[in-house]
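Remarks on the structure that follows.
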Amino acid sequence: MNTARSIAENALRRDSSRLLSGIGLPLSRREALRRCVFGTAGLLLADGWGIHALADTPRAKAKTVIQIWMWGGPSHLDTFDPKPDAGYDYCGPLNKAIATNVDGIQIGELLPLLAKQADKYSILRGMTHGNNGHETASYLVQTGRPSGGRDVYPSVGAVTSLLKGYNSGYTGLIPPYVVLSEAQGRFSEAGFLGQRYKPFATGGDPAQTRFVVEGVVSPGISDERQKSRRDLLTKLNTLGAAMKGDASLKALYQSEEQAYDMILGSEGKVFDLSQENSDLRDRYGRNTFGQSCLMARRLVEKGVPYITINYKGWDTHKQHFEIMRRKLPEMDKGLSMLLADLSQRGLLDSTIIWWGGEFGRTPRVQWEAPWNGGRGHHGKVFSSLVAGGGFKGGHVVGASDAKGDEVKERPIYPPDLIASMYELLGIDPNAKLPHPQGLDIRAVPTVGDGVKAAGRLKEIM
Numbered sequence: 000m001n002t003a004r005s006i007a008e009n010a011l012r013r014d015s016s017r018l019l020s021g022i023g024l025p026l027s028r029r030e031a032l033r034r035c036v037f038g039t040a041g042l043l044l045a046d047g048w049g050i051h052a053l054a055d056t057p058r059a060k061a062k063t064v065i066q067i068w069m070w071g072g073p074s075h076l077d078t079f080d081p082k083p084d085a086g087y088d089y090c091g092p093l094n095k096a097i098a099t100n101v102d103g104i105q106i107g108e109l110l111p112l113l114a115k116q117a118d119k120y121s122i123l124r125g126m127t128h129g130n131n132g133h134e135t136a137s138y139l140v141q142t143g144r145p146s147g148g149r150d151v152y153p154s155v156g157a158v159t160s161l162l163k164g165y166n167s168g169y170t171g172l173i174p175p176y177v178v179l180s181e182a183q184g185r186f187s188e189a190g191f192l193g194q195r196y197k198p199f200a201t202g203g204d205p206a207q208t209r210f211v212v213e214g215v216v217s218p219g220i221s222d223e224r225q226k227s228r229r230d231l232l233t234k235l236n237t238l239g240a241a242m243k244g245d246a247s248l249k250a251l252y253q254s255e256e257q258a259y260d261m262i263l264g265s266e267g268k269v270f271d272l273s274q275e276n277s278d279l280r281d282r283y284g285r286n287t288f289g290q291s292c293l294m295a296r297r298l299v300e301k302g303v304p305y306i307t308i309n310y311k312g313w314d315t316h317k318q319h320f321e322i323m324r325r326k327l328p329e330m331d332k333g334l335s336m337l338l339a340d341l342s343q344r345g346l347l348d349s350t351i352i353w354w355g356g357e358f359g360r361t362p363r364v365q366w367e368a369p370w371n372g373g374r375g376h377h378g379k380v381f382s383s384l385v386a387g388g389g390f391k392g393g394h395v396v397g398a399s400d401a402k403g404d405e406v407k408e409r410p411i412y413p414p415d416l417i418a419s420m421y422e423l424l425g426i427d428p429n430a431k432l433p434h435p436q437g438l439d440i441r442a443v444p445t446v447g448d449g450v451k452a453a454g455r456l457k458e459i460m
């Protein structure tokens, strides 16, 4: 995929030589520009697809989703569904639950900051799908559909990019679907929607002194040097100067301007975390996850419709409790600060936060070798968290049994959660998606499509 820099520095040379040979600007060149990460905002589909939103419905409150993807699957017993009475074989050394600021709701002992924010989020303790494979469970949670069959379906992020991005009036230069900072890699997020709806993975690490964003920031090259390069390129472009008013070059120069605006202008400055107050950065946590949460807030302020924080490190087959003592305080600090910061800025009401992974971890600790105190994959029941964007805070939906092994009440299947988020975003869950063969595919599958569903989360909407 082309980067902003390659658009600015390479496209001009290529198209100038084509003009000299009399070829001109072919359609494939313009199509290539449309597919670039930072190209012109011409990503429109025919109205005949029946794509529509529910912008005027009472439930359409959200503008953005921040998905905190717990890559590997977090333990529900150690986070938002503690079972202190289940015994050592289930709790291990983390055998306490702590009260929150909402009466009757307790969470894991290593999440004291989130305990003070429980009025801002709701816990979904009845999440279930029964799938224990990383790839297949990730696909199921993020598309609402089981794997297999002839089609690869798009993720929630890709569908949101389609229906709340360029096709719905989004005009920002930052792509409408951004992943911080590493691509998820479990499946093709765009599915049959195609490459233009894949997420832009920033690369880099926002916790570093300079966040080196792919195609926007080059390591070791200052803004001043980048400006000098542009000035030199402009001076060398004698053909462009001679044909400045030529209509055939309009799209090219527009893309060049947008590319450089991402590199040197105000749009690209969103990735410069040095603009933030140092104390605020400390409160988020000076680590990759904490600074990703801060970066996500800045992207919300820019109006980006869908942001994923790919938070790795939760596949804890071994050394589970040692990892929890390191990772959970980090998560507690970053997520609690994100909730507080969005709320203080008046952004939480229009921003959905969706925390969760592909499944939970086995409630019974695997003390035996080779695991020696780990937790395996567990898709029978697990927890997710939602906040903002029209979701009520301070509630628990669903319950697991006494040991966290199975759903006790109110199962929540992936299509239930996805349809609920779409409704709050103003996306019709029954919207027809543009399938390349013209098949009748809807944004959210129903029981008629062979999936399990128990209904949208009306309790907290």
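Numbering-wise, numbering that gives the first Met the number 0 puts 4 at position 5 of the sequence shown, and it's gapless, one number per residue. A virtual CB, placed ideally from N, CA and C, is assigned to each residue, including glycine.
For the pair of segments examined, the region 333 to 340 was found to touch the region 272 to 289: the number of CB pairs separated by less than 8 angstroms reaches three. Counting only runs that start and end inside the region 94 to 146, the alpha helix (DSSP H) elements of at least 4 residues fall at 111 to 114, 133 to 142. Judged by beta-carbon spacing, residue 205 lies within the 8 angstroms limit of residue 294, meaning their Cβ atoms are closer than that value.
Each residue's CA atom was taken as its position, placing residue 181 and residue 288 some 12 angstroms apart. Counting only the Cα atoms, residue 278 lies some 30 angstroms from residue 356. Contact between residue 376 and residue 390 fails: their C-beta atoms lie close to 27 angstroms from each other, not under 8 angstroms. With respect to the 8 angstroms criterion, residue 387 and residue 351 are classified as neighbours on the basis of their beta carbons. Taking the C-beta atoms as reference points, residue 410 is found no nearer than 8 angstroms to residue 421. The alpha carbon of residue 417 has as its nearest neighbour, out of 353, 198, 316, 399, the alpha carbon of 353. With fewer than three CB-CB distances shorter than 8 angstroms, the region 300 to 315 does not count as touching the region 86 to 94. In this structure, DSSP gives residue 272 a helical state, which the three-state scheme calls helix. Secondary structure note for residue 407: its beta strand (DSSP E) is the uninterrupted segment 406 to 408.
With 16 or more other CB atoms across the displayed protein chains lying within 10 angstroms of its CB, residue 81 is buried. Annotation: residue 328 to residue 119 spans about 19 angstroms, alpha carbon to alpha carbon. For residue 310, the secondary structure class from DSSP, reduced to helix, strand or coil, is strand.
Contact between the region 393 to 403 and the region 71 to 87 is present: 3 or more CB-CB pairs across the two stretches fall below 8 angstroms. Between residue 382 and residue 123, the C-beta spacing is below 8 angstroms. Residues of the same chain with a CB within less than 7 angstroms of the CB of residue 443, apart from the 5 flanking positions on each side, are 143, 414, 417, 418, 421, 428 in chain order. Collapsing the DSSP output to three states places residue 173 in coil. Within 10 angstroms of the beta-carbon of residue 446 lie fewer than 16 other beta-carbons, which makes it exposed.
With contacts defined as CB atoms closer than 8 angstroms, residue 86 and residue 171 fail to qualify as a contacting pair. Distance from residue 379 to residue 127 at the Cβ level is roughly 6 angstroms; contact confirmed, criterion being Cβ atoms closer than 8 angstroms. Just measuring C-alpha positions, the residue of 266, 297, 265, 267 sitting nearest residue 276 is 297. Distances from the alpha-carbon of residue 115 to those of 437, 331, 63 put 331 closest.
Contact between residue 113 and residue 106 is confirmed by a C-beta separation of about 6 angstroms, below the 8 angstroms threshold.
Residue 313 sits away from residue 183, with the two beta carbons spaced by 8 angstroms or more. Residue 319 sits in a helix when the DSSP states are folded into three classes.
If the five residues before and after residue 349 are omitted, its C-beta is found closer than 8 angstroms to the C-beta atoms of 60, 61, 62, 63, 387, 388, all from its own chain and listed in chain order. Around the CB of residue 457, fewer than 16 other CB atoms lie within 10 Å, so the residue is classed as exposed. Residue burial annotation: residue 98 is exposed, with fewer than 16 other C-beta atoms found within 10 angstroms of its C-beta.
By alpha-carbon distance to residue 76, the top candidate from 404, 192, 347, 215 is 404. In this structure residue 159 does not touch residue 178 by the C-beta definition: roughly 13 angstroms separates them, more than the 8 angstroms allowed. With at least 16 other beta carbons inside 10 angstroms of its own, residue 455 counts as buried. In the structure shown, the three-state DSSP call for residue 303 is coil.
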